[in-house]
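Asks:
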Amino acid sequence: MRRKVSNPLALAVLAHLVLGPQHPYELGKQLKETGKDRNIKFNRGSLYMVVEQLRKAGFVAEQETVKDTQRPERTIYALTDEGRAELYDWMRELVRDPVHEYPQFGVALSLISVLDPAEAVELLRARSAALAKDIENTRAMVGQATGDGVEWIFLVEEEYRISLLEAELRLVEKLTGELAKTEYQDKWHEIFGRER
6 MRRKVSNPLA LAVLAHLVLG PQHPYELGKQ LKETGKDRNI KFNRGSLYMV VEQLRKAGFV
66 AEQETVKDTQ RPERTIYALT DEGRAELYDW MRELVRDPVH EYPQFGVALS LISVLDPAEA
126 VELLRARSAA LAKDIENTRA MVGQATGDGV EWIFLVEEEY RISLLEAELR LVEKLTGELA
186 KTEYQDKWHE IFGRER
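Our numbering puts the sequence shown at residues 6 to 201.
(1) Mind reading off the beta-carbon distance from GLU57 to THR70? Whole number of angstroms is fine, and I expect it under 8 angstroms.
(2) Kindly give me the distance between the Cβ atoms of LEU84 and VAL65, rounded to whole angstroms, as I take these residues to be in contact under 8 angstroms.
(3) With LEU14 and HIS21 assumed to form a contact (beta carbons below 8 angstroms), what rounded beta-carbon distance in angstroms separates them?
(4) When you compare only the Cα positions, how much space is there between GLU124 and THR39?
(5) Kindly indicate the opening and closing residues of the alpha helix (DSSP H) around ARG175.
(6) To the nearest angstrom, how far is it from the Cα of ILE117 to the Cα of GLN27?
(7) For the segment 17-45, which segments carrying the alpha helix (DSSP H) assignment without a break, of at least 4 residues, lie completely within its bounds, in sequence order?
(8) Which residue spans inside the segment 56-91 form an unbroken beta strand (DSSP E) run of at least 3?
(9) Just reading off the alpha helix (DSSP H) that TYR147 is part of, what are its end residues?
(10) Name the residue from LEU16, VAL55 and VAL23 whose alpha carbon lies nearest to the alpha carbon of LYS41.
(11) If we count Cβ pairs, one from each stretch, closer than 8 angstroms, do we get three or more for the segment 144-160 versus the segment 174-183?
(12) According to the neighbour-count rule (16 or more other Cβ atoms, all chains shown, within 10 Å of its Cβ), is TYR30 buried or exposed?
(13) Look at the Cβ atom of ASP139, then the Cβ atom of LEU99, and state whether they are nearer than 7 angstroms.
(14) Helix, strand or coil: how does DSSP classify MET96 here?
(15) What is the DSSP secondary structure of GLU156, reduced to helix, strand or coil?
(16) Within 10 angstroms of its Cβ, does VAL10 collect 16 or more other Cβ (buried), or is it exposed?
(17) So for GLU188, helix, strand or coil by DSSP?
(18) Taking 7 angstroms as the threshold (C-beta atoms), are LEU19 and GLY63 in contact?
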């Protein structure tokens, strides 16, 4: 389904506005505090742009403008009925329907045969070390958050991240072993060696 606003940041804004009307600055602060910025890339400018796109689409509306002496005028946005319907429809679609994503590493793997196998092995070993470190750091973060009383449902995206990292690490280790085999290296040099 084609969405009027399809940026993942828009979905996060809609989800946070379910809790009540807010200013975009407060939304950004909450996204960072809850770690959502690990999965959704944004900056202040992109956040304001997405809020404006949601307003034009009719998913959020200006509720009030607040002026105090300390800060410039701030516009508070609220979720509309259309925005609420869009949020739940979009969430249902994302949770229910698998889609093929195009991660950069997938591109690299589809073309890895152009690299000298010895170099590819070295690069993959470095990737393995980075993945293992990322898994360790993410597990520590989840452990800390759990210890601080954060409910598991608010950490589920990190569990998903760990699962993906572990699966990638297994694949990288297997591929490293295959590329290190003399049989493959000899065949590669036979095919590609003269091209270099």
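Glycine included, C-beta positions come from ideal geometry on N, C-alpha and C.
Replies: By the coordinates alone:
(1) Taking the first residue of the sequence shown as position 1, residue 57 is located at position 52. Taking the first residue of the sequence shown as position 1, residue 70 is located at position 65. Actually they do not touch by this definition, with Cβ atoms about 15 angstroms apart.
(2) As a first step, residue 84 must be located in the sequence shown, where it is residue number 79. As a first step, residue 65 must be located in the sequence shown, where it is residue number 60. Right, their Cβ atoms sit about 6 angstroms apart.
(3) Looking up residue 14 in the sequence shown gives position 9. Looking up residue 21 in the sequence shown gives position 16. Not confirmed; about 11 angstroms, so no contact.
(4) In the sequence shown, counting from the first residue as 1, residue 124 sits at position 119. In the sequence shown, counting from the first residue as 1, residue 39 sits at position 34. Roughly 39 angstroms separates the two Cα atoms.
(5) Numbered from 1 along the sequence shown, position 170 holds the residue referred to as residue 175. Residues 161-185.
(6) Reading the sequence shown from its first residue, position 112 is the one you call residue 117. Reading the sequence shown from its first residue, position 22 is the one you call residue 27. Their backbone Cα atoms lie some 47 angstroms apart in a straight line.
(7) 29-38
(8) 65-71 and 79-84
(9) To locate residue 147, count along the sequence shown from 1; it is residue 142. Checking the sequence shown, residue 147 turns out to be Val, not Tyr. 122-152 is the span of the alpha helix (DSSP H), which, as asked, contains VAL147.
(10) As a working note, residue 41 is residue 36 in the sequence shown. The option with the nearest alpha carbon to LYS41 is LEU16.
(11) no
(12) Along the sequence shown, one-based indexing puts residue 30 at 25. Exposed, since its Cβ has fewer than 16 Cβ neighbours within 10 Å.
(13) As a working note, residue 139 is residue 134 in the sequence shown. As a working note, residue 99 is residue 94 in the sequence shown. No; because the gap between Cβ atoms is not below 7 angstroms, this pair is not in contact.
(14) For this step, residue 96 is matched to residue 91 along the sequence shown. The answer is helix: DSSP assigns MET96 an H, G or I state.
(15) Stepping through the sequence shown from its first residue, residue 156 is reached at position 151. DSSP places GLU156 in coil when its eight states are reduced to three.
(16) Taking the sequence shown and counting its residues from 1, one reaches residue 10 at position 5. VAL10 is buried by the Cβ-count criterion.
(17) Here residue 188 corresponds to residue number 183 of the sequence shown, with the count starting at 1. Of the three classes helix, strand and coil, the one that applies to GLU188 here is helix, per DSSP.
(18) Within the sequence shown, residue 63 is the residue found at index 58, counting from 1. Within the sequence shown, residue 19 is the residue found at index 14, counting from 1. No, these two residues do not count as a Cβ contact at 7 angstroms.
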